[in-house]
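As structure tokens, the structure follows; a few thoughts come after it.
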Amino acid sequence: MKGFIQRHGLAAPDDAIRVSDIAHRLDAEGIRLVRMAWSDSHGHARAKMVTAAAFRSALEDGYGSNVATFTLDASGGRLFKSFTPGGGMGLTEMTGSPSLILVPDLSTFCALPWAEGVGWVLCDEYFTDGQPFFFSSRQILRKQARRLAERGQILNVGLEIEWHLSRLPENRLDVLEESEIGEPGNRGRAVAVRPFEPGFSYHAEGVIDRVQPLLSRIEATCRALGLPLRSIENEWGSGQFECTFAPQEALKAADACFLFRSAVRQVCCREGFHASFMCWPKLPGAYPNGWHLHQSVVDADDGRNLWTPQDSTAALSPFGMAFLAGLMHHAAAATAFSTPTINGYRRFRPDSLAPDRPTWCHDHKGVMLRVLGGKDDPPATRIENRAGEAAANPYLFVASQIAAGLDGIDRRLTPPPPEEDPYNADVPKLPNTLPNALETLEASELFADQFGQRYLDYYLILKRAEIARFEGSGGRHEGEAVSQWEQDEYFDAF
């Protein structure tokens with residue numbers, strides 16, 4: 009009898025070869041355990057660790073998992089009445105907290121270089137009848153990537169991700185204080201850390217050298233995992249670094265971001281450091297961490313950059329300009345995906361290296377959409393979206409770009425003129441708080457259509473529960489002051 013994967017036609021074209029290769033690697037590399045990982049709706053890494061024997065079975069049948077990680081808020085609090093008809097969502101499929109089947113994407117299989125004898129693979133989630141799980145953010149990106157593929161096109165995505173590094177106090181790897189233990193609906197106190205450099209030096213070689221052994225290990229880890237790391241740079245704030253990656257197809261780039269964030273946190277912890285992708289930690293000398301998403305659309309057959317202009321006076325081709333116009337038109341609604349935390353909105357300030365309104369210009373770091381390259385540099389022709397925060401769910405962020413850009417193509421939208429004074433531009437600002445962003449998203453016909461109204465309703469419930477907990481703590485959305493609630497909520501989680 010055929011296994012679950014074959015019965016439901018879920019195998020990729022090269023999976024037969026990959027199954028054989030992975031079976032050989034399990035033996036040859038002494039891999040005894042495999043982490044079957046997936047992204048929850050927040051972008052947190054979840055995993056089930058199975059024995060090599062169980063994983064061999066999962067190569068044919070997938071592996072059972074509970075749907076529970078998708079019914080919890082970011083603190084582990086239960087949001088839905090799972091054991092009532094419809095699972096508290098009015099959805100028959102969600103009654104009783106049903107089982108899901110994790111189907112490994114064999115192209116992502118790797119051995120974890122920091123954990124001897126442990127493999128890792130990303131999984132897609134399916135109902136037991138073989139239907140894709142409708143709250144899977146990776147499935148949402150797959151759908152958007154398919155829309156491009158049907159047009160013979162591919163979105164290439166390059167990553168620039170900023171993050172914060174600090175030292176853990178001695179003996180903190182294995183011991184927690186009581187105040188750091190949380191409960192559903194209330195996270196424990198964020199771990200106390202120590203700075204290792206004063207900050208605000210920018211590209212300081214001395215700062216790099218202070219932690220060179222750790223940075224070298226991060227590079228070696230990325231190389232072993234097949235992540236296309238290009239640079240590790242000292243940024244402005246105390247302990248702030250940026251890692252840049254060569255462009256990849258959209259899903260691979262999102263997978264790379266997801267694995268990179270998890271890998272860096274684990275490697276750093278083992279070396280006595282704490283890595284956080286929280287946007288703005290509540291620490292002395294901290295500066296907001298952004299995620300700049302570089303993107304271009306290429307022809308699937310010959311790899312031509314379809315955004316390269318034929319006229320040296322043009323920033324992009326007409327196709328690229330229409331995609332740009334779509335990104336601008338839907339920028340406010342898409343902010344709920346590019347900046348999905350309460351903390352992330354504190355970086356939207358004038359002259360802050362982060363945009364506060366949807367503008368574009370060629371090679372200008374103050375706008376939201378920075379256009380680079382041109383007629384004389386086709387490979388480098390791209391749009392850099394500077395609105396993202398480092399804690400964004402990579403699948404939703406990238407998917408939002410495809411949905412918005414293709415709407416610009418289909419409706420033949422035209423962007424406004426470039427803006428050289430973006431912080432004084434006479435255009436509506438981006439949402440300045442997460443509640444405002446969610447209101448804009450709720451009114452978006454595009455995202456209701458492309459992500460599905462069912463998913464949109466779910467996402468709004470998820471994020472508004474986060475807002476309610478913040479406001480219940482006495483938190484204020486406006487202003488630059490980072491609250492202790494934000495530090496506790498995000499510093500360890502991302």
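Each residue of the sequence shown is one higher than the one before, counting from 9 in my numbering.
C-beta: ideal position from N, C-alpha, C; glycine also.
Residue burial is scored here from C-beta neighbours: K373 has fewer than 16 other C-beta atoms within 10 angstroms and is therefore classed as exposed. For D307, the enclosing beta strand (DSSP E) starts and ends at 298–307. Taken in chain order, the complete alpha helix (DSSP H) segments of 4 residues or longer contained in the region 395–456 are 402–418, 442–450. For the pair R365 and A407, the CB atoms are not nearer than the 8 Å cut-off.
Runs of beta strand (DSSP E) with 3 or more residues, each lying fully within the region 263–290, are found at 281–284, listed in chain order.
When the alpha-carbon of S115 is set against those of Q220, A308, I30, the nearest one is in I30. Annotation: the continuous alpha helix (DSSP H) that includes E474 extends over 461–480.
Per the coordinates, the alpha-carbon of V42 lies some 13 Å from the alpha-carbon of V111.
Check the Cα spacing between I169 and each of T77, F91, F12, W299: the tightest is with W299. The distance from the Cβ of I417 to that of Q152 is about 13 Å, inconsistent with a contact at the 8 Å cut-off. Unbroken alpha helix (DSSP H) stretches of 4 residues or longer found wholly inside the region 300–352: 326–337, 339–346, given in chain order. Nearest to A45 by C-alpha distance, out of S107, R484, F266, A501, is F266. For the pair V275 and N242, the CB atoms are not nearer than the 8 Å cut-off. By the beta-carbon neighbour count (other beta carbons within 10 angstroms, threshold 16), E158 is exposed. Using a Cβ-Cβ distance cut-off of 8 Å, the region 490–500 and the region 186–198 are in contact, since at least three pairs of beta carbons, one from each stretch, lie closer than that value.
Residues of the same chain with a CB within less than 6 Å of the CB of P93, apart from the 5 flanking positions on each side, are T103 in chain order.
Where Y498 is concerned, the enclosing alpha helix (DSSP H) starts and stops at 492–498. Listed as beta-bridge partners of L237 by DSSP are F253. In the displayed model, I13 falls within a helix according to three-state DSSP. Residue burial annotation: K10 is exposed, with fewer than 16 other C-beta atoms found within 10 angstroms of its C-beta.
In terms of CA proximity to M336, P423 leads the group P423, V219, S90. About 16 Å separates the Cβ atoms of L468 and E479, ruling out a contact at the 8 Å cut-off. Inter-residue distance for R378 and D371 is about 6 Å (C-alpha atoms, whole angstroms). In the three-state reduction of the DSSP assignment, G487 falls in the coil class. Under the three-state reduction of DSSP, S144 is assigned to coil, being neither helix nor strand. Counting other Cβ atoms within 10 Å of its Cβ, V75 reaches 16 or more and is therefore classed as buried.
Its Cα nearest to that of Q458, the residue H338 stands out among P443, P358, H338, N401. Counting along the chain, the unbroken beta strand (DSSP E) around A45 starts and ends at 41–47. The residue from P386, V201, V126 with its alpha-carbon nearest to that of G311 is P386. Here I189 is not bridged, per DSSP, to any residue. Straight across, the Cα-Cα distance linking G38 with G125 is about 6 Å. Between L314 and D307, the C-beta spacing is below 8 Å. For the pair of segments examined, the region 322–332 was found not to touch the region 340–347: the number of CB pairs separated by less than 8 Å stays below three.
The three-state reading of DSSP puts E37 in coil, since its state is none of H, G, I, E or B. Annotation for L173: no alpha helix (DSSP H) segment contains it, though the beta strand (DSSP E) segment containing it runs 161–175.
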